[in-house]
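There are 2 protein chains.
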Amino acid sequence: MESPKKLRIAIDAMGGDYAPGREVAGAVEALRTSNANIEIILVGDEPAIRRHLQELNANELPCKIVHASQTISMADSPTAALKQKKDSSLAVGMRLHQEGKADAFISVGNTGAVLSAATLILGRIKGVSRPTIGAFIPAEHGYCLLLDAGANVDCREQQLYEFAVMGSIYVQLLWKKKNPAVALLNVGEEKSKGTESVVKAYKLLSASKLNFIGNVEGRDILKAKADIVVCDGFVGNSILKFGESVPAFLKSKLKQFAEKGLINKLAVGLALWPLKSSLSDMDPNKEGGVPILGVRGVTIIGHGSSTAAGIKNMIMRAVEVAHTQINKDIETALVNSI
Amino acid sequence: MESPKKLRIAIDAMGGDYAPGREVAGAVEALRTSNANIEIILVGDEPAIRRHLQELNANELPCKIVHASQTISMADSPTAALKQKKDSSLAVGMRLHQEGKADAFISVGNTGAVLSAATLILGRIKGVSRPTIGAFIPAEHGYCLLLDAGANVDCREQQLYEFAVMGSIYVQLLWKKKNPAVALLNVGEEKSKGTESVVKAYKLLSASKLNFIGNVEGRDILKAKADIVVCDGFVGNSILKFGESVPAFLKSKLKQFAEKGLINKLAVGLALWPLKSSLSDMDPNKEGGVPILGVRGVTIIGHGSSTAAGIKNMIMRAVEVAHTQINKDIETALVNSI
Numbered sequence: 001m002e003s004p005k006k007l008r009i010a011i012d013a014m015g016g017d018y019a020p021g022r023e024v025a026g027a028v029e030a031l032r033t034s035n036a037n038i039e040i041i042l043v044g045d046e047p048a049i050r051r052h053l054q055e056l057n058a059n060e061l062p063c064k065i066v067h068a069s070q071t072i073s074m075a076d077s078p079t080a081a082l083k084q085k086k087d088s089s090l091a092v093g094m095r096l097h098q099e100g101k102a103d104a105f106i107s108v109g110n111t112g113a114v115l116s117a118a119t120l121i122l123g124r125i126k127g128v129s130r131p132t133i134g135a136f137i138p139a140e141h142g143y144c145l146l147l148d149a150g151a152n153v154d155c156r157e158q159q160l161y162e163f164a165v166m167g168s169i170y171v172q173l174l175w176k177k178k179n180p181a182v183a184l185l186n187v188g189e190e191k192s193k194g195t196e197s198v199v200k201a202y203k204l205l206s207a208s209k210l211n212f213i214g215n216v217e218g219r220d221i222l223k224a225k226a227d228i229v230v231c232d233g234f235v236g237n238s239i240l241k242f243g244e245s246v247p248a249f250l251k252s253k254l255k256q257f258a259e260k261g262l263i264n265k266l267a268v269g270l271a272l273w274p275l276k277s278s279l280s281d282m283d284p285n286k287e288g289g290v291p292i293l294g295v296r297g298v299t300i301i302g303h304g305s306s307t308a309a310g311i312k313n314m315i316m317r318a319v320e321v322a323h324t325q326i327n328k329d330i331e332t333a334l335v336n337s338i
Numbered sequence: 339m340e341s342p343k344k345l346r347i348a349i350d351a352m353g354g355d356y357a358p359g360r361e362v363a364g365a366v367e368a369l370r371t372s373n374a375n376i377e378i379i380l381v382g383d384e385p386a387i388r389r390h391l392q393e394l395n396a397n398e399l400p401c402k403i404v405h406a407s408q409t410i411s412m413a414d415s416p417t418a419a420l421k422q423k424k425d426s427s428l429a430v431g432m433r434l435h436q437e438g439k440a441d442a443f444i445s446v447g448n449t450g451a452v453l454s455a456a457t458l459i460l461g462r463i464k465g466v467s468r469p470t471i472g473a474f475i476p477a478e479h480g481y482c483l484l485l486d487a488g489a490n491v492d493c494r495e496q497q498l499y500e501f502a503v504m505g506s507i508y509v510q511l512l513w514k515k516k517n518p519a520v521a522l523l524n525v526g527e528e529k530s531k532g533t534e535s536v537v538k539a540y541k542l543l544s545a546s547k548l549n550f551i552g553n554v555e556g557r558d559i560l561k562a563k564a565d566i567v568v569c570d571g572f573v574g575n576s577i578l579k580f581g582e583s584v585p586a587f588l589k590s591k592l593k594q595f596a597e598k599g600l601i602n603k604l605a606v607g608l609a610l611w612p613l614k615s616s617l618s619d620m621d622p623n624k625e626g627g628v629p630i631l632g633v634r635g636v637t638i639i640g641h642g643s644s645t646a647a648g649i650k651n652m653i654m655r656a657v658e659v660a661h662t663q664i665n666k667d668i669e670t671a672l673v674n675s676i
């Protein structure tokens, strides 16, 4: 579908583990293979970006470069880095978006720094106390949006409630699903279970207009009992990372099995095709990235190790989100509920 | 190895999902197949237990029955159930242990109720503010003891520190491993990461005599980066249950793959042997159960759905723990460190 209006997508070209090669390759792939009406602004070290564009024979594409002399690394402290590196690709790109020179911004850089930059430079949406980042966990059928996935380690009930509202609106827009099922992660189904914040959040969610289905436990995430599962960022981050380590665990166990003999080795060889195919949803590049919910504008954040295809999917996600009224919907829902 | 002293193991015969059949079968299996010097006391509905013993032709075994007229179910509120059901198999069995008529107690019943009963009836070890229950998570090599696994949803730094001390002592005795590696679960490796309690626990652990290797993330559990991973019970319970749901998730995904055609179906059929064998460590019956750490005596707790083999393994674990000086070691370590 041709987009109605040309969208300018700014990309932090220096944030990822393989920057700027993969960022440039992803941008080129998006421009060449999608028919979205977009222009891309690559933000970062101009000579390096230009070299990668030339290698891909991409000079003719609608792709601009905005130079930024500094880079925020994964090891940098988010707040310190933003203060000290005013000319980082992250800060420059985010400011382009804030000034209206880009319609969306994407980064696979230091998550904490991207979140801080979005909050400081773009500002929070009215009614939101803390912006959040979710993660799509592949489930038995479809996905489950787990949020917060690490942006806020310690949450009060009001924040958990806000995450539920924002997650619900996002899933509704993304999956075109009316009244998606929202659940609260807990150690048991009974409403009296959990920490004080969680018990209070249960009450807030029960009284809300959301399709709140109650508490779910850790075992219910992969079962897709709910479309959205809400928790604090400490729990969400731990589960997300635990889940991401499952394929490597399986690989290691199968390798140990294969080493027991020739027949075992053969059996493992045959098992790889169905297994890899069954686990393909666990590749984070498939989903690409997730928006920072609760800040103005459109910021999509992705894995540092994203492939070019992953970056392309993030660009397409940015286009999709930019065409919605998600921030207005969030403001309306949260301001009216207070 | 013949145990030096005859140990009397009391079993809550009514707690599990398949009570009392599996409890009785597990007891009979332990008495018949192990050469441990034990006597078993089955606590619960005498006629039902006797019927099961007769079915298994087990009248000749060193197995006593102590009648208890009530049962605490999984749905019961732990504290209310203990107050109202004074003659439950759980309370009666725990009192036998407290009065010295049994050397250990095992249950696969309502975890919260077993924990409360152990704390109230047996009492805490000096220096312990909150007893804890851990879980052995199968890792790429061996296991990782994750604790707390759900007993304490909200923890201060002192509790996290106590869990680390108790987990370290238990692993040392169980695996005969000197100075096992202890880690703190966190959202990042830096010591400034996490909630206030976790940041403070990092300091306590760094200053302790434990072999503290620092923070690990959710992805490091299956990698067995540490022998013991410490977290609050909300996080631990969520990860444990998430992990337990992985085999069913894989099965569902493989089934979906198999339904795509005959060749797919064949490939999945061939994949089952290496997969099942590789995942066999994920069967909780293999480990049997875990002790409640921090209470006097020896209480082993297991899954409600434990098989007879699982119950037998719990009995063997109880024997093993009863032959150690774990509670004395815990008291020495914690009282001296204050």
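Here the protein sequences line up with chains V and L, keeping their order.
This note's numbering puts the first residue of the first sequence at 1, with every later residue one more than the last.
This note's numbering puts the first residue of the second sequence at 339, with every later residue one more than the last.
Don't be surprised by glycine CBs; every beta carbon is placed ideally from N, CA and C.
Just so you know, these numbers come straight off a predicted model, no measurement behind them.
With respect to chain L, the C-beta atom of Pro-274 of chain V has a partner C-beta closer than 8 angstroms. About 17 angstroms separates the beta carbons of Val-28 of chain V and Leu-7 of chain V, which is beyond the 8 angstroms limit, so they are not a contact pair. Asn-327 of chain V and Asn-215 of chain V have their C-alpha atoms roughly 27 angstroms apart.
At a C-beta separation below 8 angstroms, Asn-575 of chain L has these neighbours in chain V: Val-187, Glu-217 and Gly-218. From the beta-carbon of Thr-195 of chain V, the residues of chain L found nearer than 7 angstroms are Val-491, Asp-492 and Phe-572. Interface residue (Cβ-Cβ distance to chain V less than 8 angstroms): Glu-625 of chain L is not classified as such. Within 8 angstroms of the CB of Ile-559 of chain L, the CB atoms of chain V belong to Phe-242 and Ser-245, in sequence order along the chain. For Glu-361 of chain L, the number of other beta carbons within 10 angstroms of its own is at least 16, and it is reported as buried. Taking C-beta atoms under 8 angstroms as the contact rule, Glu-140 of chain V and Ala-224 of chain V qualify, at a distance of about 6 angstroms. Contact fails between the segment 518-537 of chain L and the segment 448-455 of chain L, because fewer than three Cβ pairs, one in each stretch, are under 8 angstroms apart. Only those residues of the segment 473-506 of chain L whose C-beta falls short of 7 angstroms from the nearest C-beta of chain V are listed: Glu-478, Gly-488, Val-491 and Asp-492. In this structure Val-525 of chain L is in contact with Phe-234 of chain V, their Cβ atoms being roughly 6 angstroms apart against a cut-off of 8 angstroms. The beta-carbon of Lys-538 of chain L is placed no less than 8 angstroms from the nearest beta-carbon of chain V.
Neighbours of Val-606 of chain L in chain V, taken as residues whose beta carbon is under 8 angstroms from its own, are Pro-274 in chain order. In the DSSP assignment, Ala-539 of chain L falls within the unbroken alpha helix (DSSP H) covering 534-545.
Restricting attention to alpha helix (DSSP H) runs no shorter than 4 residues, the segment 40-119 of chain V encloses them at 46-55, 78-84, 89-98 and 111-117, ordered along the chain. Closest option to Ala-207 of chain V, judged by alpha-carbon separation, among V:Lys-101, V:Ile-221, V:Glu-157 and V:Pro-138: V:Glu-157. The shortest C-alpha to C-alpha distance from Arg-468 of chain L to any of L:Gly-447, L:Pro-476, L:Tyr-481 and L:Val-491 is the one to L:Val-491. Ranked by Cα distance from Ile-72 of chain V, the first of V:Glu-60, V:Leu-61 and V:Leu-90 is V:Leu-90.
Taking all protein chains shown into account, Arg-433 of chain L has 16 or more neighbouring C-beta atoms within 10 Å of its C-beta and is therefore buried. Membership of Asn-549 of chain L in the beta strand (DSSP E) is indicated by the continuous run 549-554. Counting only Cβ-Cβ distances below 9 angstroms, Leu-279 of chain V has contacts in chain L at Leu-588 and Lys-591, in chain order. Setting aside the 5 residues that flank it on each side, Ala-333 of chain V is surrounded in the same chain by Val-165 and Ile-169, each with a C-beta closer than 7 angstroms to its C-beta; the list follows chain order.
Closest in C-alpha terms to Asp-76 of chain V, from the list V:Asn-110, V:Cys-63 and V:Val-92, comes V:Asn-110.
With fewer than 16 other beta carbons inside 10 angstroms of its own, Ala-586 of chain L counts as exposed. Setting aside the 5 residues that flank it on each side, Pro-400 of chain L is surrounded in the same chain by Leu-369, Ile-376, Glu-377 and Ile-378, each with a C-beta closer than 8 angstroms to its C-beta; the list follows chain order.
The criterion of a C-beta distance shorter than 8 angstroms is satisfied by Leu-240 of chain V and Ala-149 of chain V. Residue pairing by DSSP leaves Thr-645 of chain L without any beta bridge partner.
Asp-45 of chain V sits close to Met-14 of chain V, with the two beta carbons spaced by under 8 angstroms. Residues of chain L whose Cβ lies closer than 9 angstroms to the Cβ of Asn-336 of chain V do not exist, since the nearest Cβ in that chain is about 31 angstroms away. Beta-bridge analysis with DSSP links Phe-474 of chain L to L:Leu-483. The residue from L:Pro-476, L:Gly-472 and L:Ala-442 with its alpha-carbon nearest to that of Leu-460 of chain L is L:Ala-442.
Here the alpha carbon of Asn-313 of chain V sits roughly 29 angstroms from the alpha carbon of Gln-159 of chain V.
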